[in-house]
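Enquirer: Before we start, here is the structure in question, set down as structure tokens.
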Amino acid sequence: MAEHRASFARLTLLYAGAFVIGALSAWLWLTRVGISGVDAGIWRVNLLAGSSDADAYTRARIALAAVLALDRSETLYYTTERDESGEPLRAECRYLISGSPPPSRWWSITAYASDHFLFPNAARRYSVSGETAPLDAAGRFSAELGPTHEGDGIWIPTTGSGGMRLTLRLYGPAASLQQAPQSLVAPSVRRTGACP
Amino acid sequence: MSKLPIRWRLHAPLALLVVVLSHMLAVWALPRVIMDRVISLGDREALTQNSETGVYLPPPTDHTQRRIVMPSPDLLYATCAYDVGERPLRVTLDINYPRYWSIALYASTSDNFFVVNDRDAAGAAVEFILQGPNAQASARGTSENLGTVIRSPTDRGFLLMRVLVNDDPAVRASAETARRQLRCQSL
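These protein sequence lines are chains A and B, in that order.
Residues in the first sequence are numbered from 1 upward in steps of one, following my numbering.
Residues in the second sequence are numbered from 1 upward in steps of one, following my numbering.
Here it is, written out as structure tokens:
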């Protein structure tokens, strides 16, 4: 009888362990493996965000990182976690974001901490957008990103340390961009100064 | 190499099958669990505002907002959590806001199955009936006279209105007025 109980306990442990391993592997796969998509420079866009055509993995990743995303015909979401030199973006470093306004009705670039929420700051500055970004004589915009800034232009403050993510939202993207999102002349993100 | 006992030859592949199935179940369930939280939260928030319009008006987005990941600080939102399993929902919006706005519908699977924006509306009022996946068009008092009918792939879901704003107080006031015109009313 005791041997029977021990055998039952071992089998229970085996199947419970198998269940946990399966669920854990799903979590690691969803959170550690980058989202698939199309690249435009350092930016990546997933064309199935919000779509009913999305596969199960894409749907789960979008739900984790950007739930309530809009379909590509309404909005394209480009994201990056790297700068132009391929280094991971870090909240303690300073960057210059610059580029030409993308072909869309409206655009914005927002900085998110590694937990996918906005960086706390008293000025409540979290983004640069087509509504706020002044253009220079060449029709280009620029914004500083980091814990401190030097210029008088737009500054998106970051706080703390660790990784961060930039999201470029294009509302009402041009038809050409919807068809070929990799053709975006994407804003550049260059580190300025030394990183502590 | 010693042979596995017969019961382990049975249970080892079964355990492997459990690993695969629980992996697939977790991937399938995750967006549904997250959406369930979003919808439940929307329900509770609408109750806190004691709204007769069925709409919840979140405060302007800033870093203190930690309910939904990756919020846009450049938009004002209005939300309706819905359940059209029993009764359809009438959604109306009559505004003349000169910037981008949209109404998006999400199923409980997280899929965005419908969007209407300011250009689609072209200055006209938005009005549609939202029905559940199993609703009969003629049942429960609905009829072709009710206008555009949209079928939600799932009974429960979430409506999210986005209104583009900037730092101009006049624009913010105008956007606030715009989102207050949204109505989500069960029939």
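Ideal Cβ placement from N, Cα and C applies to all residues, glycine included.
Would you say A/Val45 faces chain D, with C-beta separation under 8 Å as the test?
Expert: Absence of chain D from the displayed structure is noted, the protein chains being A and B.
Enquirer: Using only the alpha-carbon positions, how far apart do A/Tyr126 and A/Ile156 sit?
Expert: The residue you call residue 126 of chain A lines up with position 126 of the first sequence. The residue you call residue 156 of chain A lines up with position 156 of the first sequence. Cα-Cα distance, rounded: 6 Å.
Enquirer: Considering Cα atoms alone, identify which of A/Thr192, A/Pro196, A/Gly193, A/Leu184 is closest to A/Val38.
Expert: Counting from one through the first sequence, the residue named residue 38 of chain A turns up at place 38. The shortest Cα separation from A/Val38 among A/Thr192, A/Pro196, A/Gly193, A/Leu184 belongs to A/Leu184.
Enquirer: Got a sec? Which residues, its chain only, sit under 8 Å from B/Gln65 by beta carbon, not counting five neighbours each side?
Expert: The residue you call residue 65 of chain B lines up with position 65 of the second sequence. So the list reads Pro58, Pro59, Pro71, once near-sequence residues are dropped.
Enquirer: Look at the alpha carbon of B/Arg180 and the alpha carbon of B/Ala78, and state the distance between them as a whole number of angstroms.
Expert: Numbered from 1 along the second sequence, position 180 holds the residue referred to as residue 180 of chain B. Numbered from 1 along the second sequence, position 78 holds the residue referred to as residue 78 of chain B. Near 8 Å, if we compare the C-alpha coordinates of B/Ala78 and B/Arg180.
Enquirer: Kindly give me the distance between the Cβ atoms of B/Tyr100 and A/Tyr171, rounded to whole angstroms, as I take these residues to be in contact under 8 Å.
Expert: By one-based count along the second sequence, residue 100 of chain B stands at place 100. By one-based count along the first sequence, residue 171 of chain A stands at place 171. At roughly 6 Å, the Cβ-Cβ gap stays under 8 Å, so B/Tyr100 and A/Tyr171 are in contact.
Enquirer: What first and last residue would you give for the alpha helix (DSSP H) that runs through A/Val20?
Expert: One-based indexing of the first sequence puts residue 20 of chain A at position 20. Unbroken alpha helix (DSSP H) run through A/Val20: 2-32.
Enquirer: Can you give the beta carbon distance from A/Tyr57 to A/Arg169, rounded, assuming they're within the 8 Å contact cut?
Expert: For the purposes of this step, residue 57 of chain A is taken as residue 57 along the first sequence, with counting starting at 1. For the purposes of this step, residue 169 of chain A is taken as residue 169 along the first sequence, with counting starting at 1. Incorrect: roughly 23 Å between the Cβ atoms, too far for contact.
Enquirer: Buried or exposed for A/Pro102, please, with buried defined as at least 16 other CB atoms from any protein chain shown within 10 angstroms of its CB.
Expert: Along the first sequence, one-based indexing puts residue 102 of chain A at 102. Under this definition A/Pro102 is a buried residue.
Enquirer: B/Met35 and B/Ser102 - do their beta-carbons sit closer together than 8 Å?
Expert: Sequence index remark: in the second sequence, residue 102 of chain B carries index 102 (1-based). Sequence index remark: in the second sequence, residue 35 of chain B carries index 35 (1-based). Cβ distance not < 8 Å, so B/Ser102 and B/Met35 don't count as in contact.
Enquirer: Would B/Asp83 pass as an interface residue toward chain A - the criterion being a Cβ-Cβ separation below 8 Å?
Expert: Reading the second sequence from its first residue, position 83 is the one you call residue 83 of chain B. It does not; no Cβ of chain A falls within 8 Å.
Enquirer: According to DSSP, simplified to helix, strand and coil, what is B/Val38?
Expert: Within the second sequence, the letter at position 38 stands for residue 38 of chain B. It is helical.
Enquirer: Taking a Cβ distance cut-off of 8 Å, strictly less, list which residues of the segment 67-92 of chain B are near chain A, in chain order.
Expert: For the segment 67-92 of chain B, which is checked against every Cβ of chain A, the residues closer than 8 Å are Ile68, Val69, Met70, Pro71, Ser72, Pro73, Asp74.
Enquirer: Which residues share a DSSP beta bridge with B/Met161?
Expert: If you number the second sequence from 1, residue 161 of chain B lands on position 161. B/Met161 pairs with B/Ala78, B/Ile103.
Enquirer: When the Cα atoms are used, what is the spatial distance from A/Ser7 to A/Ala60?
Expert: For the purposes of this step, residue 7 of chain A is taken as residue 7 along the first sequence, with counting starting at 1. For the purposes of this step, residue 60 of chain A is taken as residue 60 along the first sequence, with counting starting at 1. Their Cα atoms are separated by approximately 37 Å.
Enquirer: Measuring straight from C-alpha to C-alpha, what distance separates B/Val19 and A/Ala138?
Expert: Your numbering for residue 19 of chain B matches position 19 in the second sequence. Your numbering for residue 138 of chain A matches position 138 in the first sequence. Looking at the two C-alpha atoms, the distance is approximately 57 Å.
Enquirer: Quick check on A/Thr53: buried or exposed, where buried means 16 or more other Cβ atoms within 10 Å of its Cβ?
Expert: In the first sequence, counting from the first residue as 1, residue 53 of chain A sits at position 53. Before going further, note that residue 53 of chain A is Asp rather than Thr in the sequence given. A/Asp53 should be labelled exposed.
Enquirer: Got a sec: is the Cβ-Cβ distance from B/Pro31 to anything in chain A below 8 Å?
Expert: In the second sequence, residue 31 of chain B corresponds to position 31, counting from 1. Closer than 8 Å: yes.
Enquirer: Taking 8 Å as the cut-off, decide whether the C-beta atoms of B/Ile150 and B/Leu182 are in contact.
Expert: The residue given as residue 150 of chain B occupies position 150 in the second sequence. The residue given as residue 182 of chain B occupies position 182 in the second sequence. No; because the gap between Cβ atoms is not below 8 Å, this pair is not in contact.
Enquirer: In the DSSP assignment, what are the bridge partners of B/Leu57?
Expert: As a working note, residue 57 of chain B is residue 57 in the second sequence. Per DSSP, none; premise fails for B/Leu57.
Enquirer: Can you tell me which of A/Leu47, A/Glu74, A/Glu131, A/Val33 puts its alpha carbon nearest to the alpha carbon of B/Asp74?
Expert: Taking the first residue of the second sequence as position 1, residue 74 of chain B is located at position 74. Residue A/Glu131 is the option with its Cα nearest to B/Asp74.
Enquirer: Does DSSP put B/Ser138 in a helix, a strand or coil?
Expert: Looking up residue 138 of chain B in the second sequence gives position 138. Note that B/Ser138 scores a pLDDT of 44, beneath 50, so its modelled location is shaky; the value from the coordinates is reported in the next line. Coil.
Enquirer: Hey, is the segment 152-166 of chain B in contact with the segment 76-94 of chain B, meaning 3+ C-beta pairs nearer than 8 Å?
Expert: Yes, the segment 152-166 of chain B is in contact with the segment 76-94 of chain B.
Enquirer: Is the separation between the beta-carbon of A/Ser188 and that of A/Gly99 shorter than 8 Å?
Expert: By 1-based counting over the first sequence, the position of residue 188 of chain A is 188. By 1-based counting over the first sequence, the position of residue 99 of chain A is 99. Contact flag set, yes.
Enquirer: Taking Cβ positions only, does B/Arg104 come closer than 8 Å to chain A?
Expert: Position 104 of the second sequence, counted from the start, is the residue given in the question as residue 104 of chain B. The sequence as given places Ala at residue 104 of chain B; Arg does not occur at that position. With 8 Å as the cut-off, B/Ala104 counts as an interface residue toward chain A.
Enquirer: Could you check the C-alpha separation between A/Cys93 and A/Pro120 for me, to the nearest Å?
Expert: The count along the first sequence starts at 1 and reaches residue 93 of chain A at position 93. The count along the first sequence starts at 1 and reaches residue 120 of chain A at position 120. Whole-angstrom Cα-Cα distance: 16 Å.
Enquirer: Below 7 Å on C-beta distance, what does B/Trp28 contact in chain A?
Expert: Here residue 28 of chain B is taken as the residue at index 28 of the second sequence, counted from 1. Ala56, listed in chain order.
Enquirer: To be precise: take each residue of the segment 116-144 of chain A, compare its Cβ to all Cβ atoms of chain B, and keep it if any distance is under 8 Å. Which residues remain?
Expert: Within the segment 116-144 of chain A, the residues whose Cβ lies closer than 8 Å to some Cβ of chain B are His116, Phe117, Leu118, Phe119, Pro120, Asn121, Arg124, Tyr126, Ser127, Ser129, Glu131, Thr132, listed in chain order.
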